[in-house]
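Count along the sequence shown from 1, then add 2; that gives the number in my numbering. Think of the CB as a built atom: it goes at the ideal place given N, C-alpha and C, for glycine as much as any other residue. So the structure is just underneath, and the comments pick up after that.
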Amino acid sequence: MNKPLRRIAIFCGLLVLSLLIRDNWIQYVQADELKSDKDNRRVIIERYATPRGDIIVDGKPITGSKETAGSDFKFKRTYTNGPMWAPVTGYASQAFGANQLENIEDGILTGNDDRLFFRNTLDMFTGDEKEGGNVVTTLNGAAQKAAYNGLKKQGGKGAVVALDPSTGAILALASYPSYDPSSFAGNSTTTDTEAWQKLQKANNDQDPMLNRALRETYPPGSTFKVVTAAAALENELYTSADEKTDSPLPWTMPGTTTVLPNEGNIPCKNATLRVALQYSCNTVFGKVGSDLGNDKMLAEAKKFGFGEEHFTPIRSSASVFSEDMAPSEVALSSIGQFNTAATPLQMAMVASAIANDGSLMKPYMVDELQAPSLDPIEKTEPEKLSQPLSAKNAQILQSMMETVVKDGTGKNAQIGGDITVGGKTGTAQHGVDNSEKPYAWFLSYAKLADGSSPVAVAVVVEDDSAVRDDISGGGLAAPIAKNVMEAVINSKQ
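Below is the structure:
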């Protein structure tokens, strides 16, 4: 072979080699990246080529699929009682993607999960269409309805979380105002786009797409006093509910000339922990936090889950109890003010751990993932997260919270018969110099006659239309918690 031909042959060989390298790079190295690229329309077309699997509550689907006309996306998502379930399901939209369970479990719902490989391979041979699997939730339909309708009746903003204390299973997860995921599930440039844009504009004030139960952190106000009480008992600052505390009245916060006020003329001077929780004494719990110090208060808050994001599997924002605070700031933080902030999920976890004799279970909302054949693919097993307080101290705190409902500010949560309810109200200040209307909180749990506790609840209500003096956890939030607890109890009978 002469020299020019040899050069041409080598050059052509290099071209072929570069093509082979490029082809293998695309097929193997970049395959996953290209497959998930948001601009790869084939992937989106394939995702909506068959009906999605369903999200299940109480054995029934709360989602569905229907055929669409005039589009290369064959099926679009439908929702039953969409606004009520939106904080759980999220949305799956042909035009705007997906979020929450619809996104997290997309592989199961579309049938593309690797765990469905053998099923999909079999379908290729039989000619059957690929099917999506199901996501079975832990949610209780009656409890969710009670939570959502209670918030809707108040007419403001708010959230409710209910947990099974013994397992951590989420029984209700409601946020208001909400939105209907069906309204923009398609890809119409008119109806779906207009619905989406309307929601984006609404986000400036009402934030209907904000999952307040998991993503919003609020000052917890006096509901945080149960954490402070737990810290006092665990650190043996006080050893019983009925021991008098060292709580002068008035009490000036250390390092300041500022007197910490109580709400009204209430019996807080040297009050026992029981009386202090019953009347919600700022001076008692502020001084408890200051006496314990920042490190011990922070350690107790962390045991309850503060400072960490929680995945249910939907991510929940981290709740806050600060470090490196001055003694006066620790005092304010210990009554749920200053920098202290918590999600409704976090405060439901606090109530749950107390109800479960001090054991905090990891919260979760997916009970099982199912193949299209309904065979289980994955089952969630309850998992202990921490032990914020001993069983003995948890039972002391239970007796204190039960006094709050029987004789204190939580009477609106009482349930008749042989049901015992423990709770704590909170009216949380916010805004510069408490200029904004406060948030109304209520934490609670219910115990049956056999001593078991099937439900713990946290409720927060933001009611801008209410008269300021009428805003209280006992008045606005406790009735919602009561209805949710009753719904859970009745569903188990």
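Item, Value
"Closer than 7 Å: Q400 CB and nearest the ligand MN heavy atom", "The model on display carries no ligand, and the ligand MN is accordingly not part of it."
"T513 vs T140 beta-carbon contact at 8 Å", "Given that the chain is displayed from residue 3 to residue 495, the structure contains no residue 513 and the question cannot be resolved."
"Length-filtered (4 minimum) alpha helix (DSSP H) runs lying within the segment 365-414", "393-409"
"Status (buried if at least 16 other CB within 10 Å, exposed otherwise) for C283", "buried"
"Given 8 Å, three or more beta-carbon pairs between the segment 375-391 and the segment 167-175", "yes"
"Beta-carbon proximity check, P440 vs Q339, cutoff 8 Å", "no"
"T195 and A355 closer than 8 Å at C-beta", "no"
"Continuous alpha helix (DSSP H) stretch holding W503: start and end", "There is simply no residue 503 to check, as the chain begins at 3 and stops at 495 in what is shown."
"Same chain, Cβ closer than 6 Å to A483, five either side skipped, listed in chain order", "A415, F444, S446, V459 and V461"
"According to DSSP, residues forming a beta bridge with M363", "K386"
"Top-ranked residue by Cα proximity to Q400, from I47, Q208 and A232", "A232"
"Supposed close pair R276, M402 - CB separation, criterion 8 Å", "5 Å"
"Helix, strand or coil at A504 according to DSSP, with G and I counted as helix", "Residue 504 is absent from the model: the chain starts at 3 and stops at 495."
"Cα-Cα separation between A480 and I106, rounded to whole angstroms", "33 Å"
"Complete runs of the beta strand (DSSP E) confined to the segment 55-83 [at least 3 residues]", "57-59, 65-69 and 77-81"
"E331 in three-state terms, based on DSSP", "helix"
"Supposed close pair T112, R49 - CB separation, criterion 8 Å", "5 Å"
"Cα-Cα separation between V322 and D420, rounded to whole angstroms", "37 Å"
"Coarse secondary structure for F226, derived from DSSP in three states", "helix"
"Own chain partners of V490 with C-beta closer than 7 Å, once the 5 adjacent residues on each side are dropped", "N142, A145, A164, L173, P456 and V457"
"Simplified DSSP state of S249, which is helix, strand or coil", "coil"
"Test item: CB-CB of T225 and K426 under 8 Å", "yes"
"Coil, strand or helix - G160 by DSSP", "strand"
"Meets three-Cβ-pair contact criterion under 8 Å: the segment 286-297 and the segment 253-261", "yes"
"Whole-angstrom distance between S190 and K68, CA atom to CA atom", "15 Å"
"Counterpart residues of V277 in DSSP-defined beta bridges", "According to DSSP, V277 bridges with nothing at all."
"Span of the beta strand (DSSP E) around G425", "T422 to A430"
"Span of the beta strand (DSSP E) around T139", "N136 to T139"
"Residue interval of the alpha helix (DSSP H) (run including A489)", "A480 to S493"
"With 16 other Cβ atoms within 10 Å as the buried cut-off, status of D244", "exposed"
"CB contact flag (S95, R217, <8 Å)", "no"
"Pair within 8 Å by beta-carbon distance, E302 and E236", "yes"
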